[in-house]
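Counting from 1, position 81 in the sequence shown corresponds to residue 81 in the working numbering; the numbering is continuous, with no gaps.
Input: a single structure, listed below in structure tokens.
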Amino acid sequence: MTYLDWLLSVLQQTLVDLQSAQKRVSIWYLASAFIVAVGFYAWRYPSQIKPHLKILFSPNVWWHQSARLDYVIFFANRFIMALLSPRLPSSVLLTTWLYYQSQNWLPSLGELSLPTAYVIALFTLCYFLLDDFSRFYLHRLLHKWPILWAFHRVHHSAKVLTPITVFRTHPVEGVLFFFRSALVQAMCITFFVSVFPGQVSLYTVWGVSIFTFVFNVLGANLRHSHVVLSYGRWEKWLISPAQHQRHHSSAIEDYDCNFGVVLALWDRVFGSWKQADWQQKLVFGTNTRFDEKGLLNMYLEPFQYAFESMKRRLFAKMPAIIMILVSTTSLFYTT
Ligand SMILES: [Zn+2]
Ligand SMILES: [Zn+2]
């Protein structure tokens with residue numbers, strides 16, 4: 001395959017993905033997000049729907065310097081991941097490995113007998129819960145660990161939000177989420193295939209888990225948009241687009257809140273849940289000059305940032321390390 005063939009095949013796959021119900025940013029879910037946004041404006045601003053719809057398609061958002069960089073990063077990441085993916089262990093490989101490893105300890109659980117419909121429902125629910133929790137927890141780590149924040153701040157450097165902003169990520173973050181997804185699949189399938197052999201399947205709509213389908217249809221793409229759709233008192237249970245927009249806010253009081261994707265439960269348990277307001281006025285970005293950088297700096301600067309923060313942590317712990325070394329050496333010489 002020539003370089004040109006490879007280039008064309010990646011672009012072709014991008015077009016296929018844009019029509020796939022299995023991808024969050026597909027024309028189907030963008031259309032449903034638009035319908036949800038119109039319904040929201042009709043409810044909140046019954047006499048001002050037109051001006052709000054104008055804002056929805058405003059070039060000030062869609063052609064903002066930050067949005068244009070989102071599009072460039074989207075294509076750059078497609079090519080990078082197309083190069084990396086074949087070199088990473090696939091979820092099938094990981095599942096097979098975990099399945100054979102687990103045979104030493106899982107048989108003690110024995111095989112359970114349940115009607116297949118129950119097994120499928122249980123598997124669909126467990127997979128959804130584990131997937132949603134692992135997304136929340138990895139996202140939380142990306143904020144809490146300075147070495148990981150170095151890479152995640154690429155996503156937070158967006159000054160405006162469009163559905164394409166979800167792809168504004170550093171490839172290191174892409175690889176971390178790739179492993180997260182593979183591990184969750186491997187764990188769920190291994191456990192269920194061992195305990196309910198021959199009965200495991202997912203309840204799906206158009207090839208996606210029913211939970212993911214409902215989440216996507218109900219406007220998941222509005223999370224990265226300027227449509228401040230709040231769920232009101234339901235925000236205690238589900239993360240609304242307005243709550244994720246608050247997560248992107250550059251205001252200090254909004255730092256490190258609402259890491260969740262679908263369920264608000266995890267944020268409430270870990271104390272990072274914050275309610276949003278449909279009238280909130282937010283400024284997005286990291287409040288640093290990093291927000292203004294181009295593609296190359298977005299990719300390279302995080303490595304320098306991560307190295308510097310690692311160095312700072314090491315220096316902070318240096319007195320303790322020296323103490324341990326000195327006491328170990330003196331012990332060695334006295335014995
Ligand atoms: Zn974040
Ligand atoms: Zn985001």
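For each residue, glycine too, the CB sits at the ideal point set by N, CA and C.
Taking 7 Å as the cut-off, does the CB of L83 come closer than this to any heavy atom belonging to ligand 1?
Taking the sequence shown and counting its residues from 1, one reaches residue 83 at position 83. With a cut-off of 7 Å, the C-beta of L83 is classified as distant from ligand 1, since no heavy atom of the ligand falls inside that distance.
Spell out whether any CB of chain D is found under 8 Å from the CB atom of G271.
Given the protein chain composition of this structure (a single chain), no chain D is represented.
Any heavy atom of ligand 1 closer than 7 Å to the CB of H224?
Walking along the sequence shown from the start, residue 224 turns up at place 224. In this structure, the C-beta of H224 stays at least 7 Å away from each heavy atom of ligand 1.
8 Å Cβ cutoff met for A33 and G271
Looking up residue 33 in the sequence shown gives position 33. Looking up residue 271 in the sequence shown gives position 271. Contact: no.
Reference D131, options L94, I35, L263 and S250, closest by Cα:
The count along the sequence shown starts at 1 and reaches residue 131 at position 131. Just measuring C-alpha positions, the residue of L94, I35, L263 and S250 sitting nearest D131 is L263.
Alpha helix (DSSP H) segment containing N134, residue limits
Locating residue 134 in the sequence shown gives position 134, where the first residue counts as 1. One detail in the question is off: residue 134 reads as Ser in this sequence, not Asn. Counting along the chain, the alpha helix (DSSP H) containing S134 begins and ends at T116 to K144.
Meets three-Cβ-pair contact criterion under 8 Å: the stretch 10-20 and the stretch 73-90:
Look at the beta carbons and you see the stretch 10-20 touching the stretch 73-90: at least three pairs across the two are nearer than 8 Å.
Which whole-angstrom value describes the C-beta separation of R168 and D70, a residue pair presumed to lie in contact below a C-beta threshold of 8 Å?
Counting from 1 along the sequence shown, the entry for residue 168 is found at position 168. Counting from 1 along the sequence shown, the entry for residue 70 is found at position 70. Contact holds; Cβ gap of about 5 Å.
Pairs of beta-carbons, one from the stretch 28-47 and one from the stretch 131-146, closer than 8 Å: are there three or more?
Judged by Cβ distances under 8 Å, the stretch 28-47 makes no contact with the stretch 131-146, as fewer than three pairs qualify.
Sorted by chain position, which residues of the same chain lie with C-beta nearer than 6 Å to A182's C-beta, five sequence neighbours on each side aside?
On the sequence shown, residue 182 is found 182 positions in, with the first residue counted as 1. Hits under 6 Å: S91 and L94.
Would you check whether ligand 1 has a heavy atom nearer than 7 Å to the C-beta of H170?
What you label residue 170 is simply residue 170 of the sequence shown in a count that begins at 1. No.
Heavy atom of ligand 2 less than 7 Å from the Cβ of H152, yes or no?
Start at 1 with the first residue of the sequence shown, and residue 152 comes out as number 152. Checking the Cβ of H152 against ligand 2 gives no.
Could you please give the first and the last residue of the uninterrupted alpha helix (DSSP H) stretch that includes L69?
Counting from one through the sequence shown, the residue named residue 69 turns up at place 69. Start and end: Q65 to L84.
Among all the DSSP beta bridges, which residues are the ones paired with L238?
Position 238 of the sequence shown, counted from the start, is the residue given in the question as residue 238. Answer is L263.
Taking 7 Å as the cut-off, is the C-beta of T328 nearer than that to any heavy atom in ligand 2?
For this step, residue 328 is matched to residue 328 along the sequence shown. No; taking the cut-off as 7 Å, the Cβ of T328 has no heavy atom of ligand 2 nearer than that.
Contacting residues, own chain, Cβ-Cβ under 7 Å from S240 (five flanking each side not counted):
Within the sequence shown, numbered from 1, the residue matching residue 240 stands at position 240. The answer, listed in chain order, is L229, S230, Y231 and A276.
Could you tell me which residues DSSP pairs with T204 in its beta bridges?
One-based indexing of the sequence shown puts residue 204 at position 204. T204 has S209 as its beta-bridge partners, per DSSP.
Local Cβ density within 10 Å of Y118, reported as buried at 16 or more and exposed below that:
In the sequence shown, counting from the first residue as 1, residue 118 sits at position 118. By the neighbour-count rule (16 or more Cβ atoms within 10 Å), Y118 is not buried but exposed.
Count the C-beta pairs between the stretch 288-298 and the stretch 55-70 that are closer than 8 Å, then say yes if the count reaches three, no if not.
Because the criterion of three Cβ pairs below 8 Å is met, the stretch 288-298 and the stretch 55-70 touch.
Using a Cβ-based criterion (distance less than 7 Å to any ligand heavy atom), does H248 qualify as near ligand 2?
To locate residue 248, count along the sequence shown from 1; it is residue 248. In this structure, ligand 2 has a non-hydrogen atom nearer than 7 Å to the beta-carbon of H248.
Have a look at P51, Q22, M187 and L122 and flag the residue whose alpha-carbon is nearest the alpha-carbon of W97.
One-based indexing of the sequence shown puts residue 97 at position 97. Measuring C-alpha to C-alpha distances from W97 to each of P51, Q22, M187 and L122 identifies M187 as the nearest.
Are the stretch 112-128 and the stretch 190-199 in contact at 8 Å, needing three or more beta carbon pairs?
Yes, they touch.
Hey, is H143 close to ligand 2, as in C-beta under 7 Å from one of its heavy atoms?
Against the sequence shown, residue 143 aligns to sequence position 143. Because no heavy atom of ligand 2 lies under 7 Å away, the Cβ of H143 does not count as near it: no.
Best match in N258, S330, W234 and W266 for proximity to L129 [C-alpha to C-alpha]
Looking up residue 129 in the sequence shown gives position 129. Comparing Cα positions, the closest option is W266.
For the candidate residues S157, V61, P163 and N60, whose alpha-carbon lies nearest to that of E292?
Residue numbering aside, residue 292 sits at position 292 when the sequence shown is read from its first letter. For the residues S157, V61, P163 and N60, the minimum Cα distance to E292 belongs to S157.
Could you please give the first and the last residue of the uninterrupted alpha helix (DSSP H) stretch that includes I35?
Reading the sequence shown from its first residue, position 35 is the one you call residue 35. That run of the alpha helix (DSSP H) goes I27 to R44.
Let me know the secondary structure DSSP gives S377 once reduced to three states.
No information on residue 377 is available, as it lies outside the stretch 1 to 335 that the chain covers here.
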